[in-house]
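From first to last, the protein sequence lines stand for chains A and B. If you read the first sequence in numbering that gives the first Met the number 0, its first letter stands for residue 0, the second for the next number, and so on. If you read the second sequence in numbering that gives the first Met the number 0, its first letter stands for residue 0, the second for the next number, and so on. Every residue gets a Cβ at the ideal spot worked out from N, C-alpha and C, and that includes glycine. Given the structure is predicted, the values throughout are model-derived calculations rather than measurements. Notes for the one structure printed next.
Protein chains: 2
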Amino acid sequence: MLRTAVAGTLGAAGLTAAGAGSPARAAERTSAGGPAEERLSVAVLLYDGFTALDAIGPYEVLCRVPGVRVTMVARQAGPIRTDTGELEIVAERSLCDVARADVLLVPGGGERGTTAMMKDREVHAWIRRIHRHTVWTTSVCTGSLILGSAGLLRGLPATTYWASRPYLKELGAVYTPGRFVETGKIITAAGVSAGIDMGLRLAARLSDEKVAQAMQLAVEYDPDPPYDTGSPEKADAELEQLALKLLADSAR
Amino acid sequence: MLRTAVAGTLGAAGLTAAGAGSPARAAERTSAGGPAEERLSVAVLLYDGFTALDAIGPYEVLCRVPGVRVTMVARQAGPIRTDTGELEIVAERSLCDVARADVLLVPGGGERGTTAMMKDREVHAWIRRIHRHTVWTTSVCTGSLILGSAGLLRGLPATTYWASRPYLKELGAVYTPGRFVETGKIITAAGVSAGIDMGLRLAARLSDEKVAQAMQLAVEYDPDPPYDTGSPEKADAELEQLALKLLADSAR
């Protein structure tokens, strides 16, 4: 029943191999996890220096939504190093093998990883190509700077990591406060953990509110942090400086 | 300054190779990320069928704490499949290569992964061996059932995933409500995303409250989910059933 509702709402486009996107070849479309008819594909773009939770937060609330298949993709398939250099997450597919996705999600990264992606014209071309046919194009944290560098945010309201807000203007976007900001088919989330909140909204958009609410329960997301310093509006300048120092010192 | 405070408070034990734990061989201790003197080691136990966010939530708030090095470990080093089968995270080291850690963290998993670990006597022996010398032994979600199966929770207050609470009693533990429950040097967290909240407390214990608060800001953890259904106390029976169905249907 849920699967039927999803397919009925959003169509049957799976994560398709490069060259398989033309109508003439639609019958050949393959999805990584099952018959294309049952799958909504979410492609998460990994790159050297990405931030793990930016990708894993949304993954965890989307991967169990009926009909959804989340796939990690990167320039080259294989283990991709995070921003601390202490962890690797495996990209299942290479960019050149992915010509379409129903949802694109671009996580943020450390300074090195983000700036490299902001300059990478090949990746920008891939992002624009995928964006053309997405149902939703999304980012977490500094991932919005990458979407912006690809030219997707000109004149649009968007958010990003708290310390990176000024960069949005340089990319032609309009910084807009919010845990996540939805405009047309683009959703940008604030820093790192905000991807979980955005993921729940996206779960509702890809299915329905009941499923999103059940996914919140499934991951027991009833947050109760021991402190209340999670945004610059709630922290003082000293904490901001310390946070930036911890980020800089842990960067690899 | 921060690094000094950490080393002064908690000592200098790094993640040590098997056989290097005896005092006679202390000088040979190696840590994966730098001189043992500067490192507090956090070993995260990965296994086939673990839940990604259980591991990545705490990783993300601990990996930048000064002096802390988080290492993913598993029976065999290499890519380890999560509970949905859609994602692999790389374990950097094998259990047999890890004889000590300052912090042990056991994530939860799907039914298949958790029950396999609850029966795995070799893993239990490894957990007990590591636990003997930890500063903190911790779990997220059904990871507490694995700690309990290793005999670590007898007579102790603990928490676990909401749907798994009855199992704690069978393992001799006393289910205690809470986002995380601290008893002696053991901290058990509730389901999946609760590992982020526990991670912040642990960051404070391994360093100080300022650092933990700065880490909350660093990951912009100012939660604002679009719904409020993150615990069974806030959801109805229909949502509970749907959550369990989504979990079962996505299990691999």
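Any chain A beta carbon closer than 8 Å to Gln215(B): At a cut-off of 8 Å between C-beta atoms, Gln215(B) counts as an interface residue with respect to chain A.
Contacting residues, own chain, Cβ-Cβ under 6 Å from Pro156(A) (five flanking each side not counted): So the list reads Val173, Thr175, Val180 and Thr182, once near-sequence residues are dropped.
Any 3 or more C-beta pairs closer than 8 Å across the region 37-48 of chain A and the region 75-90 of chain A: They touch, by the three-pair rule.
Where Ala115(B) meets chain A, residues with beta-carbon distance less than 7 Å: Neighbours of Ala115(B) on chain A: none; closest Cβ ~20 Å, over 7 Å.
Where the beta strand (DSSP E) containing Pro78(B) begins and where it ends: Annotation: the continuous beta strand (DSSP E) that includes Pro78(B) extends over Gly77 to Arg80.
Own chain, CB closer than 8 Å to Lys184(A), minus 5 neighbours either side, in chain order: Closer than 8 Å at Cβ, skipping near neighbours: Thr133, Val134, Trp135 and Thr136.
Whole-Å CB distance - Leu167(A) paired with Met214(B), under 8 Å assumed: Under the criterion of beta carbons closer than 8 Å, Leu167(A) and Met214(B) do not qualify as touching, at roughly 24 Å.
Cα-Cα separation between Tyr226(B) and Glu239(B), rounded to whole angstroms: Taking the CA atoms as reference points, Tyr226(B) sits about 15 Å from Glu239(B).
Spatially closest choice to Arg153(A) from Gly171(A), Ser143(A), Val139(A) and Ile186(A), by CA coordinates: Of the candidates Gly171(A), Ser143(A), Val139(A) and Ile186(A), the one whose C-alpha sits nearest the C-alpha of Arg153(A) is Gly171(A).
Supposed contact pair Leu216(B) and Ala115(A) - C-beta distance, whole angstroms, cut 8 Å: Not a contact, Cβ separation roughly 25 Å.
For Leu170(A), three-class secondary structure by DSSP: Leu170(A): coil per DSSP, three-state reduction.
Chain-ordered residues of the region 79-91 of chain A with a beta carbon less than 7 Å from chain D: In the structure shown, chain D cannot be found, because the protein chains are A and B.
The region 91-111 of chain B contacting the region 64-73 of chain B, beta-carbon criterion three pairs below 8 Å: Flag = yes, the region 91-111 of chain B and the region 64-73 of chain B touch.
Short Cβ contact (8 Å threshold) for Trp161(B) with Gly198(B): Not a contact, by the Cβ cut-off of 8 Å.
Pair within 8 Å by beta-carbon distance, Gly177(B) and Pro57(B): The beta carbons of Gly177(B) and Pro57(B) sit no closer together than 8 Å.
Leu199(A) - containing alpha helix (DSSP H), residue span: Leu199(A): member of the alpha helix (DSSP H) spanning Ala193 to Leu205, first to last residue.
C-alpha distance - Asp221(B) paired with Phe49(B), whole-angstrom precision: It is roughly 26 Å from the alpha-carbon of Asp221(B) to the alpha-carbon of Phe49(B).
Neighbourhood of Thr141(B) by C-beta distance below 7 Å, restricted to the same chain and skipping five residues each side: In its chain, beyond the 5 residues on either side, Gly107, Gly108, Thr113, Thr159, Tyr160 and Ser163 have a beta carbon closer than 7 Å to the beta carbon of Thr141(B).
Three-state class that DSSP yields for Gly108(A) in the structure shown: Note: Gly108(A) maps to strand in three-state DSSP.
Other residues of its chain near Asp196(B): CB distance less than 8 Å, five sequence neighbours each side excluded: Excluding residues within five positions, the ones whose Cβ falls inside 8 Å are Arg178, Phe179 and Ala188.
Presumed contact (8 Å Cβ cut-off) between Arg111(B) and Ala202(B), rounded CB distance: The Cβ separation is near 31 Å, so there is no contact.
Contact residues within the region 46-65 of chain A, judged by C-beta distance below 8 Å to chain B: Within the region 46-65 of chain A, the qualifying residues are Thr50, Ala51, Leu52, Ile55, Gly56, Tyr58, Glu59, Cys62, Arg63, Val64 and Pro65.
Residues in the region 220-231 of chain A having any Cβ partner in chain B nearer than 9 Å: When CB distances to chain B are screened at a threshold of 9 Å, the residues of the region 220-231 of chain A falling below it are Tyr220, Asp221, Pro222, Asp223, Pro224, Pro225, Tyr226, Asp227, Thr228, Gly229, Ser230 and Pro231, in chain order.
DSSP state of Leu103(B) mapped onto helix, strand, coil: In the structure shown, Leu103(B) adopts extended strand secondary structure according to DSSP, grouped into three states.
Residue-chain proximity (Leu249(A), chain B), Cβ-Cβ < 8 Å: This sequence places Ser at residue 249(A); Leu is not what is there. By this cut-off, Ser249(A) is an interface position.
Cβ neighbour criterion (16 or more within 10 Å) applied to Ala54(A): Classification of Ala54(A): buried, given that the 10 Å Cβ count is 16 or more.
Minimum Cβ-Cβ distance from Lys209(B) to chain A less than 8 Å: Chain A contact via Cβ: present.
Cα-Cα separation between Val69(B) and His130(A), rounded to whole angstroms: Cα to Cα, Val69(B) sits roughly 35 Å from His130(A).
Interface positions of the region 187-203 of chain B facing chain A (Cβ-Cβ less than 8 Å), listed along the chain: Hits within the stretch, in order: Ala189, Gly190, Val191, Ser192, Ala193, Ile195, Asp196, Leu199, Arg200 and Ala203.
Chain B contact for Leu246(A) (CB, 8 Å cutoff): At least one C-beta of chain B is nearer than 8 Å to the C-beta of Leu246(A).
C-beta neighbour in chain A for Tyr160(B), strict 8 Å: At a cut-off of 8 Å between beta-carbon atoms, Tyr160(B) makes contact with chain A.
8 Å Cβ cutoff met for Leu205(B) and Val64(B): Less than 8 Å separates the beta-carbon of Leu205(B) from that of Val64(B).
Distance, Thr228(B) Cα to Leu151(B) Cα: Each residue's Cα considered, the two are about 31 Å apart.
Terminal residues of the alpha helix (DSSP H) in which Ser163(B) lies: Unbroken run through Ser163(B): none, as it is neither H nor E.
Rounded straight-line distance, which links the Cα of Ala236(A) to that of Arg127(B): Put simply, the backbone Cα of Arg127(B) is about 43 Å away from that of Ala236(A).
For Pro65(A), the three-state DSSP class (helix, strand or coil): It is coil, neither helix nor strand.
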